[in-house]
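S.K.: Starting off with a structure, shown below.
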Amino acid sequence: MQLPIVEELAGELAGQATIAKINVDEQPELASQFGVMSIPTLILFKDGQPIDKLVGLQSKDALKTKIQNNL
């Protein structure tokens with residue numbers, strides 16, 4: 001599951017990155033706005049704009065590297 005990895009990274013990257021979770025069943029308009037077609041989908045934002053979209057399960061190391069490279 002992706003959620004435990006994301007929650008762990010939220011703690012590790014506190015103060016460097018903001019990590020948020022959206023329930024697409026409760027927020028279908030938001031999912032549609034960002035083109036979320038499957039879960040898990042992770043969207044990285046910088047300065048309020050989406051800069052990358054990761055679809056499918058991501059390893060902790062890969063996700064952490066991707067986030068840190070975009071800080």
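In this text, residue positions in the sequence shown follow the UniProt record's numbering: the first is 1, and each later residue adds one.
Yeah, the Cβ is synthetic: ideal placement off N, Cα and C, and Gly gets one too.
Less than 8 Å between the C-beta atoms of L9 and K53, yes or no?
M.R.: Within the sequence shown, numbered from 1, the residue matching residue 9 stands at position 9. Within the sequence shown, numbered from 1, the residue matching residue 53 stands at position 53. No, they are not a contact pair.
S.K.: Excluding the 5 residues preceding and the 5 following I5 in the sequence, name in chain order all residues of the same chain whose CB lies nearer than 8 Å to its CB.
M.R.: The count along the sequence shown starts at 1 and reaches residue 5 at position 5. Excluding positions up to five away in sequence, the list reads Q58, S59, K60, L63.
S.K.: Taking buried to mean at least 16 other C-beta atoms within 10 Å of its own C-beta, is L42 buried or exposed?
M.R.: Position 42 of the sequence shown, counted from the first residue, corresponds to residue 42. L42 is buried by the Cβ-count criterion.
S.K.: Between the C-alpha atoms of N70 and E26, what's the straight-line distance to the nearest angstrom?
M.R.: The residue labelled residue 70 in the question sits at position 70 within the sequence shown. The residue labelled residue 26 in the question sits at position 26 within the sequence shown. For N70 and E26, the distance between alpha carbons rounds to 28 Å.
S.K.: With a floor of 4 residues, list each alpha helix (DSSP H) that falls wholly inside the UniProt domain "Thioredoxin" (4–68), ordered by position along the chain.
M.R.: With a minimum length of 4 residues, the continuous alpha helix (DSSP H) runs that stay inside the UniProt domain "Thioredoxin" (4–68) are 28–33.
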